[in-house]
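Undergrad: In this note's numbering, the protein residues as written are 34 to 824. Glycine included, every Cβ here is placed at the ideal spot set by N, Cα and C. All values reported here derive from a predicted model rather than from experimental measurement.
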């Protein structure tokens, strides 16, 4: 029987070698014997002893006893692990799926098929050998890293080292995407570091810790590297273009970074699809796999073992057990120490509003502790932006906004989720990998001062997390769905013609290009009428645009019942327009200031930033002020594009001079971008006028929904999307930040003052919207006159 034989072991004429040969079948044993004959023939002066082991992680007691004897015979002897490696391919998919669910190695063919495979293609099997190591070197590692003293435990340690050495060789053959942690439980339980910490926890035992490690550990199968991305692609390809849109330069930069340090991939979370898109992106770009933290609620039916055997680490909902918290911390430390990559949503859950949520620091703290404990020279926080042209989940999010409850996960839920992907064409998926954030740069040296200063560490983690989120926002491309939804929501129910849509969108596109904001091809195509028509056609039929085509020309609008769905798409691009929107509001405020309009402008800019800080990410105060000044400088230029240097003088003049600045500014977007948020804040502030001092969140939301529906019916708020349980949750945070949810002196007066302030902001927005409508109708009339002088 012939086979491919690798030359990884290199025996010199003076070597005394102990070969640990793993074989699981007669066919594999024959291959190993052929290899050994070759080695002995080529190295006649080398003494080669062979210890045959079954191809399992738990050898028989007799094999361990024999290994103890061999290890004690000569400290200078080389230990060489050897195993048969089966080149992937050839097994029926159904057998691989069964193996994946059961946790078996699906890249090692069943014994009954091995001889048949070798007869057809001998190259399918190769002998691989791990890096040799002297017994003395292994004993030194054992004594330094474990608390065990029994020779049998040393033998088991050597076997684990042998398995890991073979894994490293096979990884070179398979590629980095097949990298996976092995033998986590025995390695951790034997660790001196782990045992010492365990002794500090009352009631903790090695057995209990082992049970928790079984719960956490992911039973990796190499076939899942292929199967899970294939399944994920099959799911999203039902409704999306199967070709994910990447920035290739970002991928190459990330590839280089991951070769240097372990990483935590932190992705933006808009859909359950995100969990399958990241593995697909890593696999098809031949990047190392990621191990994903997920809630234990997703471990249901057959999906539990399937996910667990494909890199998913299930976490308990409550981390209130000191032993569990300790085991989790050590598990995370082990993963990063072995240079494997972790993955989870930086927001902790799906954003049901379309904008990024505040970052969660819980798991990040475990990774920071691992770094500060010296488990890695650096750990990279790799931002991952995942965005979509459209999502079917927006209907679900709209239901949540109206006060609906979350549907529990289960097999029927999964079936309906997959089925919904095929209901129509949802467009493309976009994945971006901006530059990673270094823990070393934010936390200092491992075992440094930050390791003993919890307050400083938490502040540094907050800065790291916000930097990750900020980088995600900056690379997330604006698409056509975002822009069209924003424009039609700003029209507040009024239908627009194709010509009106096309011409009005140009100002926004000009602004985005001036700011170097990334845009998708669908957004760039909005420069043409054909591109606009394609975008509105994709959104028509109530998804969320309604087409009215029974008259002289077709028109498009967003009906009141579809506003909450459209808001999800609009919210996904607000970050690109938030500073210019704040400029518009602050200008309107300063125009009615009694004294020093310029100071009033800056005061209002910072006040608006403070009010919106729970809904949006902002640059730090100094950078934010610089950005605002730059915004205004764009509207204070000569026809040749040179800075005129007079915007501050114009603001200082106040009144009509400021309104003239607003009339010349394009686009005017604050109403389309920020109205729902300030109106939602205003509804909550109105409810608080006669609410108990320490009103609960549920009660406040229920009252706000009721009052909000009344105000919509009366026309007192601009749109249905302002009446949202999701927005009211943030409004409650704003009220709490203003100290309006606890008893105190003059509480009712302060609540009333807050309501009046918000009404003033909405009134300023109304003024900007009035000017925007004047711009629109004037320019629309001009266009009609140019195209049809008789009109």
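CA-CA distance, residue 251 and residue 218?
TA: Residue 251 and residue 218: Cα-Cα distance of roughly 11 Å.
Undergrad: Cutting at 6 Å between CB atoms, please list the residues of its own chain near residue 519, excluding the five before and the five after it.
TA: Cβ within range, chain order: 603, 705.
Undergrad: Can you name the start and end residues of the beta strand (DSSP E) that residue 462 belongs to?
TA: Residues 462-465.
Undergrad: So residue 501 and residue 299 are supposed to be a Cβ contact under 8 Å. How far apart are they, rounded?
TA: About 5 Å separates the two Cβ atoms, so the contact holds.
Undergrad: Give every residue of the same chain whose Cβ lies closer than 7 Å to the Cβ of residue 148, excluding the five residues on either side of it in the sequence, and list them in chain order.
TA: So the list reads 60, once near-sequence residues are dropped.
Undergrad: Give me the Cβ distance between residue 64 and residue 145, rounded to the nearest whole Å; I'm assuming they're in contact under 8 Å.
TA: Going by Cβ atoms, the distance from residue 64 to residue 145 rounds to 16 Å, so no, they are not a contact pair.
Undergrad: Taking Cβ positions, are residue 525 and residue 751 nearer each other than 7 Å?
TA: For residue 525 and residue 751, yes; Cβs fall inside 7 Å.
Undergrad: Taking only three categories from DSSP, how would you classify residue 366?
TA: Here residue 366 sits in helix by DSSP.
Undergrad: Buried or exposed: which applies to residue 319, given that a residue is buried once 16 or more other Cβ atoms fall within 10 Å of its Cβ?
TA: Exposed is the call here.
Undergrad: Excluding the five sequence neighbours on either side, which residues of its own chain have a C-beta within less than 6 Å of the C-beta of residue 495, listed in chain order?
TA: Around residue 495: no qualifying Cβ.
Undergrad: Within the same chain, show all residues whose beta-carbon is closer than 8 Å to that of residue 428, passing over the 5 residues directly before and after it, in chain order.
TA: Counting only Cβ-Cβ distances below 8 Å, and skipping sequence neighbours, we find 598.
Undergrad: Residue 295 and residue 150: beta carbons closer than 7 Å?
TA: Against a cut-off of 7 Å, the Cβ pair of residue 150 and residue 295 comes out as no contact.
Undergrad: Relative to the C-alpha of residue 331, which candidate in 313, 443, 267, 421 has its C-alpha closest?
TA: Of the candidates 313, 443, 267, 421, the one whose C-alpha sits nearest the C-alpha of residue 331 is 443.
Undergrad: Relative to the alpha-carbon of residue 445, which residue among 334, 798, 95, 538 has its alpha-carbon at the smallest distance?
TA: If we check each option's Cα against that of residue 445, 334 comes out closest.
Undergrad: For residue 563 and residue 425, I'd like the C-alpha separation in whole angstroms.
TA: Roughly 25 Å separates the two Cα atoms.
Undergrad: Helix, strand or coil: how does DSSP classify residue 743 here?
TA: Helix, per DSSP.
Undergrad: Taking a contact to mean a Cβ-Cβ separation below 7 Å, would you say residue 198 touches residue 114 in this structure?
TA: The answer is yes: Cβ separation under 7 Å.
Undergrad: Excluding five sequence neighbours on each side, which residues of the same chain lie with their C-beta closer than 6 Å to the C-beta of residue 367?
TA: Answer for residue 367: 221, listed in chain order.
Undergrad: For residue 82, write down the residues that DSSP places opposite it in a beta bridge.
TA: Per DSSP, 51.
Undergrad: For chain D, check one thing: does any of its Cβ atoms lie closer than 7 Å to the Cβ of residue 508?
TA: The structure shown contains no chain D, having only a single protein chain.
Undergrad: Would you check if the stretch 526-539 and the stretch 610-628 touch, i.e. whether three or more CB-CB distances between them fall below 8 Å?
TA: Output reads no: the stretch 526-539 does not touch the stretch 610-628.
Undergrad: Is the stretch 756-773 touching the stretch 796-810 in the sense that three or more CB pairs, one from each, lie closer than 8 Å?
TA: Short answer: they don't touch.
Undergrad: Ignore the nearest five residues each way along the sequence and tell me which others in residue 638's own chain have a CB closer than 7 Å to its CB.
TA: If we look at residue 638 and ignore the five residues flanking it on each side, its Cβ neighbours are 615, 619, 661.
Undergrad: So is residue 807 buried or exposed if we call it buried at 16+ other beta carbons inside 10 Å?
TA: By the neighbour-count rule (16 or more Cβ atoms within 10 Å), residue 807 is not buried but exposed.
Undergrad: By how many angstroms is the C-alpha of residue 387 removed from the C-alpha of residue 593?
TA: Going by the C-alpha atoms only, they are around 18 Å apart.
Undergrad: So who's on the other strand from residue 530, going by DSSP bridges?
TA: Bridge partners of residue 530: 588.
Undergrad: Out of 753, 728, 301, point me to the one whose CA is closest to residue 765's CA.
TA: Cα-wise, what sits closest to residue 765 is 728.
Undergrad: For residue 97, which residues does DSSP report across the bridge?
TA: According to DSSP, which records beta bridges pairwise, residue 97 is partnered with nothing at all.
Undergrad: Could you tell me the distance, in whole angstroms, from the CA atom of residue 345 to the CA atom of residue 374?
TA: For residue 345 and residue 374, the distance between alpha carbons rounds to 12 Å.
Undergrad: Could you check whether residue 117 and residue 158 sit closer than 7 Å to each other, using their CB atoms as the reference points?
TA: Closer than 7 Å, so yes.
Undergrad: Measure from the alpha carbon of residue 535 to the alpha carbon of each residue in 569, 554, 511, then state which is nearest.
TA: The shortest C-alpha separation from residue 535 is found at 569.
Undergrad: Looking at C-alpha atoms only, which residue of 290, 163, 192, 172 is the closest neighbour of residue 202?
TA: With distances taken between Cα atoms, residue 202 lies closest to 163.
Undergrad: Rounding to the nearest angstrom, what Cα-Cα distance links residue 376 and residue 234 in this structure?
TA: Going by the C-alpha atoms only, they are around 28 Å apart.
Undergrad: Do the stretch 543-560 and the stretch 398-413 meet, that is, are 3 or more Cβ pairs less than 8 Å apart?
TA: Cβ pair count under 8 Å is below three, so no.
Undergrad: Can you name, in chain order, every residue of its own chain whose Cβ lies under 6 Å from the Cβ of residue 190, other than the five neighbours on each side?
TA: Here the set comprises 175.
Undergrad: Assuming residue 141 contacts residue 50 (C-beta within less than 8 Å), just tell me the rounded distance between them.
TA: That belief does not hold up - the Cβ atoms of residue 141 and residue 50 are roughly 25 Å apart, past 8 Å.
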